[in-house]
Amino acid sequence: MRYTKTLALTLFSPMIWATPLPSDVSVTVFTTQNYLIQDSTLAHHIYYLDAVENIEEGQGDVFSTIPEKAAEQAKKWLHSPQGKKFQSDLQQAYIGIIEGWKLGVMKVPAIVFQHSRKEPMVVYGSTDINKAILIYKNASE
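Mind the numbering: the sequence shown is residues 5 to 145 in my numbering, read in order.
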């Protein structure tokens, strides 16, 4: 019985301890695949800044080494379902980079709090969104 209570507390503790934020504050996480984000459901957006590199590496060398032939292959591929998905994935990946740049994010992991009437606040080095919310709330008081 003691084990069951401990397990239940462990399973449901994020819901119990999650710190609420005002509705006009959004949480955006900037990270890479190297960091495991805790309490990720508390974030409005999570951007993986290494996504572009991962997408491009996943493409591999699929075109000819002969430039004329490679150009023709690339044109066909870009209009294929795989090529269109690649372009869409790449556009989405660059959105994270652009957003991070606009907000002045200097390193990862970074958890950014954007309030409708205040300057954004960044918590660097934390992968736990709930802890970052506590830091934000303490700094905002």
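Even glycine gets a Cβ: it sits at the ideal position worked out from N, Cα and C. These numbers come from a predicted model, not from an experiment.
Find the nearest neighbour of M125 within the set T131, I101, S144 and V112, judged by alpha-carbon distance. S144
When V56, Y140, Q77 and A55 are compared against D65, the one with the closest alpha-carbon: Q77
Beta-bridge partners of I50, as assigned by DSSP: V33
Give a yes or no on contact between the stretch 88–99 and the stretch 49–65, applying the rule of three or more CB pairs nearer than 8 Å. yes
Helix, strand or coil: how does DSSP classify I115 here? Taken through DSSP and simplified to helix, strand or coil, I115 comes out as strand.
Beta-carbon separation (whole angstroms), V112 vs T45, contact threshold 8 Å: Taking 8 Å as the upper bound for CB-CB distance, V112 and T45 are not in contact here, some 20 Å apart.
Coarse secondary structure for V66, derived from DSSP in three states: In the three-state scheme derived from DSSP, where H, G and I count as helix and E and B as strand, V66 is classed as coil.
So, helix, strand or coil for D43, using DSSP? Under the three-state reduction of DSSP, D43 is assigned to coil, being neither helix nor strand.
Beta-carbon gap between Q37 and D54 smaller than 7 Å: Yes.
Nearest-angstrom Cα separation, counted from T69 out to D132: 46 Å
For A136 and G129, what's the separation of their Cα atoms in angstroms? Going from the Cα of A136 to the Cα of G129 covers about 10 Å.
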